[in-house]
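Shown next, in structure tokens, is the structure this report addresses.
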Amino acid sequence: MLRALSKILVFQACGAAIAAIAGLPVPGPVIGLGLLFVHLLQAGHVSQATSDLFDRLSRHIPLLFVPAGVGVVGRFDLVHSGALAIVLAVALGTLATLATTALVADLLFRAAREVESHG
Amino acid sequence: MAEAGFELFVLEPLYGVSCTVVAYVAASVLYEKLGRPSLLHPVLIAMLGLGGFLVMTGTSYESYFASARPLHLLLGPAVVLLAVPLFRHRHSIIHFFGVILATVVLGCLIALTASVAPALFTGADPEMVRSLAPRAATTTVAIGISEEIGGIPGVTAVVVILSAIVGVTAGPPLMRMLKIRDDRAIGLALGVSAHVLGVGRAFQISEAAGAFASIGMVLNALATVTLVSVLQGSL
Numbered sequence: 003m004l005r006a007l008s009k010i011l012v013f014q015a016c017g018a019a020i021a022a023i024a025g026l027p028v029p030g031p032v033i034g035l036g037l038l039f040v041h042l043l044q045a046g047h048v049s050q051a052t053s054d055l056f057d058r059l060s061r062h063i064p065l066l067f068v069p070a071g072v073g074v075v076g077r078f079d080l081v082h083s084g085a086l087a088i089v090l091a092v093a094l095g096t097l098a099t100l101a102t103t104a105l106v107a108d109l110l111f112r113a114a115r116e117v118e119s120h121g
Numbered sequence: 009m010a011e012a013g014f015e016l017f018v019l020e021p022l023y024g025v026s027c028t029v030v031a032y033v034a035a036s037v038l039y040e041k042l043g044r045p046s047l048l049h050p051v052l053i054a055m056l057g058l059g060g061f062l063v064m065t066g067t068s069y070e071s072y073f074a075s076a077r078p079l080h081l082l083l084g085p086a087v088v089l090l091a092v093p094l095f096r097h098r099h100s101i102i103h104f105f106g107v108i109l110a111t112v113v114l115g116c117l118i119a120l121t122a123s124v125a126p127a128l129f130t131g132a133d134p135e136m137v138r139s140l141a142p143r144a145a146t147t148t149v150a151i152g153i154s155e156e157i158g159g160i161p162g163v164t165a166v167v168v169i170l171s172a173i174v175g176v177t178a179g180p181p182l183m184r185m186l187k188i189r190d191d192r193a194i195g196l197a198l199g200v201s202a203h204v205l206g207v208g209r210a211f212q213i214s215e216a217a218g219a220f221a222s223i224g225m226v227l228n229a230l231a232t233v234t235l236v237s238v239l240q241g242s243l
């Protein structure tokens, strides 16, 4: 568990260092995600400890959003003035994304199946 | 004197971390008791309840956040660990690379446009535009992007969670309306638009739907980071 956690922290630190040195506007952990993925592909397997750590932490991820999320309370001025933009982004944005991704994926999966059966 | 003592106590990590964990556990218990109403998601209730508590006790958000920071810092490892589901489903990703890539990039473009366009048209504050831009990514990543580009992470977190709630509530009926029966397509759509909640919902449909939802969520987060960084100058 500790070994797995220290490995993850090293990947995160490397990601943060790369972002800082290269001046990339990408959060360090996201680069760390990419590095870990490449490392796992090279290793060809994921260790039981890392796998367990993911399963355990991912169950409680929502708890980690709370400190940042509470910040909305101090910014009701912004929420109030932009209420229409928020409602449109949440409602229309989500429905439009759901519908298009599902339709396009369905179409492409069907096309892929046809190519496979004819090829 | 007593008040000064309380202010010092508030700055202890013990205070912020325990308040947050207690609020989250209480919200989860309430959510179970009420029969899991999707609109009253525990995270949302915990955030609003804790916010109200801070206002009542006269604690500034800055001192609360400083002392709840240890929890916030765990978001980093949580993001790095998203490589694990990606690795678990690597065979599906490689086999359907074209389909997945095209779907996720398109979904991300639409989500980003739909998040930013209403704010630009209604003449919202630039801070609001930057808080809405990361909406397409999963909350863990969205909070990081928001901090990076000068949005308000709190607004971003609430907006992403509300979107996820809309996604899991409207998703399955919408799929029936559109007559989509391929579980993989439904999974991708849920992962791209409703993130972690969508992944959970997709696993209830089938193992395949859940796998594709995880892929959709992670790749969409990566696509959003890339797209937002490219567009950063113009937001």
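The listed protein sequences correspond, in order, to chains Y and P.
The opening residue of the first sequence carries number 3 in this note's numbering; numbering runs sequentially from there.
The opening residue of the second sequence carries number 9 in this note's numbering; numbering runs sequentially from there.
Glycine included, each C-beta is placed from N, C-alpha and C at the ideal position.
Close partners of M136/P in chain Y (Cβ separation under 9 Å): L80, V81, S83, G84, A87, I88.
Interface residue (Cβ-Cβ distance to chain Y less than 8 Å): A54/P is classified as such.
Neighbours of L110/Y across chain P, judged by C-beta separation under 7 Å: V107, A110, T111. Spatial neighbours of L140/P in its own chain (CB-CB distance under 7 Å, excluding positions within 5 residues in sequence) are listed in chain order as S123, V124, A127, V167. Taking a contact as a CB-CB distance under 8 Å, the pair T52/Y and I118/P does not count as one, their CB atoms being some 34 Å apart. Linking C16/Y to V28/Y through their CA atoms gives a straight-line distance of about 13 Å. Interface annotation, V37/P: not in contact with chain Y, CB-CB separation never under 8 Å. Its Cα nearest to that of L110/Y, the residue G106/P stands out among V113/P, G106/P, S71/P. Look at R44/P: its C-beta is not under 8 Å from any C-beta on chain Y. Secondary structure of K41/P (DSSP, three-state): helix. Its chain contains V112, V113, C116 as the residues whose beta carbon lies nearer than 7 Å to that of A231/P, once the 5 sequence neighbours on both sides are disregarded; these appear in chain order.
Residues of chain P with a Cβ closer than 9 Å to the Cβ of Q14/Y are, in chain order, G84, P85, V87, V88. For I151/P, the enclosing alpha helix (DSSP H) covers residues 147-157. Taking 8 Å as the cut-off between beta carbons, the residues of the segment 45-62 of chain Y near chain P are V48, T52, S53, L55, F56, L59, S60, in sequence order.
Counting the other Cβ atoms within 10 Å of the Cβ of Q50/Y gives fewer than 16, which makes it exposed. The beta carbon of A35/P is closer than 6 Å to those of P50, I53, A54 in its chain, skipping five residues each way along the sequence. Contact annotation: G30/Y and A21/Y have beta-carbon atoms nearer than 8 Å. Using beta-carbon distances, V32/Y counts as an interface residue toward chain P, with a partner under 8 Å. When the beta-carbon positions are compared, V137/P and R77/Y stay at least 8 Å from each other. Boundaries of the alpha helix (DSSP H) around M183/P: 161-185. Put simply, of R96/P, A193/P, G208/P the residue whose alpha carbon is nearest the alpha carbon of I173/P is G208/P. Around the CB of F17/P, fewer than 16 other CB atoms lie within 10 Å, so the residue is classed as exposed.
For the 8 Å CB-CB criterion, L90/P and V226/P form a contact.
Unbroken alpha helix (DSSP H) runs of no fewer than 4 residues, entirely contained in the segment 14-81 of chain P, are found at 21-41, 50-65, 69-81, following chain order. Note that the C-beta distance between M3/Y and L55/Y is below 8 Å. Judged by beta-carbon spacing, T146/P lies beyond the 8 Å limit of I169/P, meaning their Cβ atoms are not closer than that value.
About 11 Å separates the CB atoms of P142/P and G158/P; that is not less than 8 Å, and the two are not in contact. Among the residues of chain P, none has a CB under 9 Å from the CB of R5/Y; the nearest is roughly 13 Å distant.
Pairing E15/P with L79/P, the inter-Cα distance amounts to about 20 Å. For I10/Y, the residues of chain P that pass the 8 Å Cβ criterion are P85, V88, L89, in the order they occur in the chain. Only S139, L140, R143, A144, T147, T148, V149, I151, G152, I153 from the segment 138-153 of chain P bring a Cβ to less than 8 Å from some Cβ of chain Y. Counting only residues of its own chain and dropping the five nearest sequence neighbours on each side, G218/P has a CB closer than 7 Å to the CB of G195, V207, A210, F211.
Residue-level contact by beta carbon fails for V117/Y and chain P, as no gap is shorter than 8 Å. In the three-state reduction of the DSSP assignment, A114/Y falls in the helix class.
Nearest neighbour of V233/P by Cα position, chosen from V30/P, F104/P, L120/P, turns out to be L120/P.
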